[in-house]
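Protein chains: 2
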Amino acid sequence: MDGQAVGPIACGSCDLNEVCRLCGLIAFETGAARQSSGALRTIEPGASLFRAGTPVHSIYAIRQGMVKTVRVTEEGDEAVLAIHTPGEVLGLESFGSGTYACDTIALSRVVCCELPLPMLGEHSARVRQLGSALLRLLSRAAVPRDHPARGPVRQRVTTFLLDLAQRLSQRGLDGHRFSLGLSRQELANLLDTRVETVSRLMQRLHRERAIHVEGNLVTVLALASSTPTH
Amino acid sequence: MDGQAVGPIACGSCDLNEVCRLCGLIAFETGAARQSSGALRTIEPGASLFRAGTPVHSIYAIRQGMVKTVRVTEEGDEAVLAIHTPGEVLGLESFGSGTYACDTIALSRVVCCELPLPMLGEHSARVRQLGSALLRLLSRAAVPRDHPARGPVRQRVTTFLLDLAQRLSQRGLDGHRFSLGLSRQELANLLDTRVETVSRLMQRLHRERAIHVEGNLVTVLALASSTPTH
DNA sequence: CGTTAATTTGAAAATTTTCAACGTGCGTGG
DNA sequence: CCACGCACGTTGAAAATTTTCAAATTAACG
Chain A
0 MDGQAVGPIA CGSCDLNEVC RLCGLIAFET GAARQSSGAL RTIEPGASLF
50 RAGTPVHSIY AIRQGMVKTV RVTEEGDEAV LAIHTPGEVL GLESFGSGTY
100 ACDTIALSRV VCCELPLPML GEHSARVRQL GSALLRLLSR AAVPRDHPAR
150 GPVRQRVTTF LLDLAQRLSQ RGLDGHRFSL GLSRQELANL LDTRVETVSR
200 LMQRLHRERA IHVEGNLVTV LALASSTPTH
Chain B
0 MDGQAVGPIA CGSCDLNEVC RLCGLIAFET GAARQSSGAL RTIEPGASLF
50 RAGTPVHSIY AIRQGMVKTV RVTEEGDEAV LAIHTPGEVL GLESFGSGTY
100 ACDTIALSRV VCCELPLPML GEHSARVRQL GSALLRLLSR AAVPRDHPAR
150 GPVRQRVTTF LLDLAQRLSQ RGLDGHRFSL GLSRQELANL LDTRVETVSR
200 LMQRLHRERA IHVEGNLVTV LALASSTPTH
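Line order of the protein sequences matches chains A and B.
Residue numbering for the first sequence follows numbering that gives the first Met the number 0, starting at 0 and increasing by one per position.
Residue numbering for the second sequence follows numbering that gives the first Met the number 0, starting at 0 and increasing by one per position.
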């Protein structure tokens with residue numbers, strides 16, 4: 000039991016909202032999407048949304064569930080680059096190259112909106128604002144992000160949890176209690192450390208009453224990003 | 000003495016080249032830029048190109064010298080997010096927000112091309128291709144980069160050096176022998192470790208004949224990113 | 001020169017990894 | 001239904017890496 004799935008979220012709090020609207024995909028201001036043409040897709044946990052190197056055909060907005068983007072290093076082991084929550088848009092980075100840049104894999108059952116590029120092109124020819132909306136979207140994605148892995152591991156874990164909690168809250172989801180879609184191994188990978196270390200840290204935070212851990216289900220109790228003076 | 004400055008590079012190997020041309024800034028195919036209007040700016044080492052929070056007025060292309068982008072963490076210490084070499088474009092990430100997202104500071108005497116946004120807007124109204132060129136540029140910047148700080152410190156250092164060397168080579172500069180514009184402290188910061196550790200690692204690589212170090216001047220001799228079996 | 005900042009070095013302390021083992025949950029096949 | 005194998009998470013203890021603290025050197029600069 001992984002707890003209930005994260006999401007779904009309202010179109011209003013989706014990053015793709017503006018673009019969607021300009022494409023005429025959302026006819027009404029309803030919470031539910033009116034898909035005139037962009038398809039809703041469901042991806043099973045472990046399955047991929049798209050793979051690195053594949054020709055780009057669509058961009059995606061996550062509606063429900065979580066996704067990880069990974070890249071396989073030269074050494075052969077996979078590096079988890081980031082995880083994505085409902086409301087986030089995937090595939091943007093591939094606009095230029097024409098092929099997707101990394102693998103994206105569903106961490107849980109994911110429902111996402113698929114916006115085919117042809118549709119985007121077609122509309123952008125008519126709707127002038129669409130271009131700038133895309134530009135805005137893209138530029139937001141291009142903001143140099145802080146490494147998720149900075150400082151001592153304890154801080155990395157807390158920072159990760161706080162960041163995730165905040166992102167969920169921002170979209171109107173529960174940032175207090177949620178299931179981190181990642182296994183310990185994946186989390187270790189994302190935070191650039193080892194499974195055992197992650198495990199120990201989670202236990203420690205649990206003992207310290209900073210969080211409550213039940214498998215993959217985390218409840219944030221009194222989490223601070225800074226290392227407590229002990 | 001820091002060795003001679005990195006660059007300048009030819010317009011042809013600049014990321015902004017296409018955009019520049021479409022804006023009519025480069026009249027001829029000459030190596031040297033024909034600035035019809037975009038200004039050439041010089042920044043002294045330590046001075047900033049732009050600061051986080053400042054309203055965006057231009058994007059920049061580095062022509063000569065190196066630049067770091069930094070962000071001040073909540074804890075007050077600065078995090079070096081990345082360093083930039085000639086040919087790279089700065090300021091793109093701010094398209095959406097209207098204000099620059101982080102501080103960019105010259106590591107050495109930097110010469111860069113300044114492309115004011117108004118000019119960009121003006122031209123993009125007329126030149127259709129400009130929009131898609133910008134989109135391409137932006138999307139390339141949005142590709143999720145690997146953390147510069149992954150794995151054991153030794154690997155972080157070698158990876159950093161190899162990456163820098165490669166980027167310089169790609170632009171037609173010397174990737175074999177170059178001055179890392181960063182101080183040990185800044186390097187430690189970028190690689191998420193301590194000055195002493197960086198210093199020790201550099202010395203070790205030197206002893207191992209993997210690189211040759213003379214202050215800030217590095218010569219790559221036999222550098223491999225993987226940890227050698229010893 | 002004299003002084004300050006940057007870098008290097010050493011040695012102990014702290015963190016993290018490694019290696020090994022153990023427990024749990026789960027699905028499969030008996 | 002139960003035994004078994006297997007993936008996953010947790011734990012312990014030694015080994016390795018990294019940080020810390022202190023001090024020595026070197027470089028930079030007026």
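Don't be surprised by glycine CBs; every beta carbon is placed ideally from N, CA and C.
- Going by DSSP, which residues form a beta bridge with proline 115 (chain A)? A:Ser57
- Where leucine 80 (chain A) falls: helix, strand or coil (DSSP): strand
- Message: If I measure Cβ to Cβ from leucine 133 (chain B) and keep anything under 8 angstroms in the same chain, skipping five residues before and after, which residues do I get?
- Response: Val18, Leu119 and Ser123
- Query: Taking DSSP as the reference, what is the three-state secondary structure of arginine 125 (chain A)?
  - Reply: helix
- Report the neighbours of cysteine 101 (chain B) on chain A: residues whose CB is nearer than 9 angstroms to its CB, in chain order. Val142 and Pro143
- Message: Check this for me: beta carbons of alanine 81 (chain A) and threonine 68 (chain A), under 7 angstroms apart or not?
- Response: yes
- Going by the CB atoms, is the gap between valine 194 (chain B) and glutamine 202 (chain B) shorter than 7 angstroms? no
- Give a yes or no on whether the minimum CB-CB distance between arginine 135 (chain B) and chain A is below 7 angstroms. yes
- Measure the C-alpha to C-alpha separation of glycine 2 (chain A) and leucine 216 (chain A) and round it to an integer number of angstroms. Unreliable positioning characterises glycine 2 (chain A) in this predicted model, as indicated by a pLDDT of 49, which lies under 50. The coordinate reading is nonetheless provided below. Rounded to whole angstroms, glycine 2 (chain A) to leucine 216 (chain A) spans 7 angstroms at the Cα level.
- Message: Rounding to the nearest angstrom, what Cα-Cα distance links methionine 65 (chain A) and leucine 15 (chain A) in this structure?
- Response: 16 angstroms
- Query: Since tyrosine 99 (chain A) contacts valine 71 (chain A) with CB under 8 angstroms, what's their CB separation in whole angstroms?
  - Reply: Not quite, the Cβ-Cβ distance comes to about 13 angstroms (not below 8 angstroms), so this is no contact.
- Message: Output needed for glutamine 128 (chain B): all residues of its chain with C-beta closer than 7 angstroms, excluding positions within five of it in sequence on either side, in chain order.
- Response: Leu21
- Task: Kindly list, in the order they appear in chain B, the residues whose Cβ is closer than 8 angstroms to that of alanine 81 (chain A).
- Result: Pro143
- Backbone CA spacing between serine 182 (chain B) and serine 198 (chain B) [nearest angstrom]: 10 angstroms
- Message: Does any residue of chain B have a CB that is nearer than 7 angstroms to the CB of leucine 153 (chain A)?
- Response: Reading the sequence as shown, one finds arginine at residue 153 (chain A) and not leucine. No, arginine 153 (chain A) lies away from the interface with chain B (no Cβ there is under 7 angstroms from its Cβ).
- Mind listing the chain B neighbours of glutamate 92 (chain A)? Cutoff is C-beta to C-beta under 7 angstroms, in chain order. Ser138, Ala141, Val142 and Pro143
- Message: Measuring only the C-alpha atoms, how far is serine 168 (chain A) from serine 57 (chain A)?
- Response: 27 angstroms
- Listing by chain order, which chain A residues have their CB less than 8 angstroms from the CB of aspartate 191 (chain B)? His146, Ala148, Arg149 and Gly150
- serine 107 (chain B) and alanine 4 (chain B) look like a contact to me (Cβ under 8 angstroms); what is the Cβ gap, rounded to whole Å? 6 angstroms
- serine 47 (chain B), enclosing beta strand (DSSP E) - first and last residue: 47-49
- Query: Mind listing which residues of the segment 57-68 of chain A have their C-beta closer than 9 angstroms to chain B's C-betas, in chain order?
  - Reply: Thr68
- Item | proline 151 (chain A) classed as buried or exposed, judged by whether at least 16 other C-beta atoms fall within 10 angstroms | exposed
- Query: Is there contact here, the segment 37-45 of chain B with the segment 147-161 of chain B, by at least three beta-carbon pairs under 8 angstroms?
  - Reply: no
- Who are the Cβ neighbours of aspartate 173 (chain B) in its own chain at under 7 angstroms, not counting the five residues just before and after it? Leu167
- Query: Hey, does glycine 95 (chain A) have any beta-carbon neighbour from chain B nearer than 7 angstroms?
  - Reply: yes
- Query: From which residue to which residue does the beta strand (DSSP E) around histidine 211 (chain B) run?
  - Reply: 210-213
- Starting from arginine 50 (chain B), find everything on chain A with Cβ-Cβ shorter than 7 angstroms and list it in chain order. By Cβ distance, chain A contributes nothing, its closest Cβ being about 15 angstroms from arginine 50 (chain B), past 7 angstroms.
- By how many angstroms is the C-alpha of proline 117 (chain A) removed from the C-alpha of alanine 141 (chain A)? 23 angstroms
- Message: Can you give me the C-alpha to C-alpha distance between arginine 139 (chain B) and proline 7 (chain B), rounded to a whole angstrom?
- Response: 23 angstroms
- Using the rule of at least 16 other Cβ atoms within 10 Å of the residue's Cβ for burial, across every protein chain shown, is alanine 187 (chain B) buried or exposed? buried
- Option nearest aspartate 102 (chain A) by Cα separation, candidates A:Glu113, A:Phe49 and A:Ser12: A:Phe49
- Query: Going straight from the alpha carbon of glycine 95 (chain A) to that of leucine 200 (chain A), what length do you get?
  - Reply: 40 angstroms
- Task: Leaving out five residues on either side along the sequence, give the residues of the same chain with a beta carbon under 7 angstroms from the beta carbon of arginine 170 (chain A).
- Result: Ile8, Ser12, Thr84, Pro85 and Gly86
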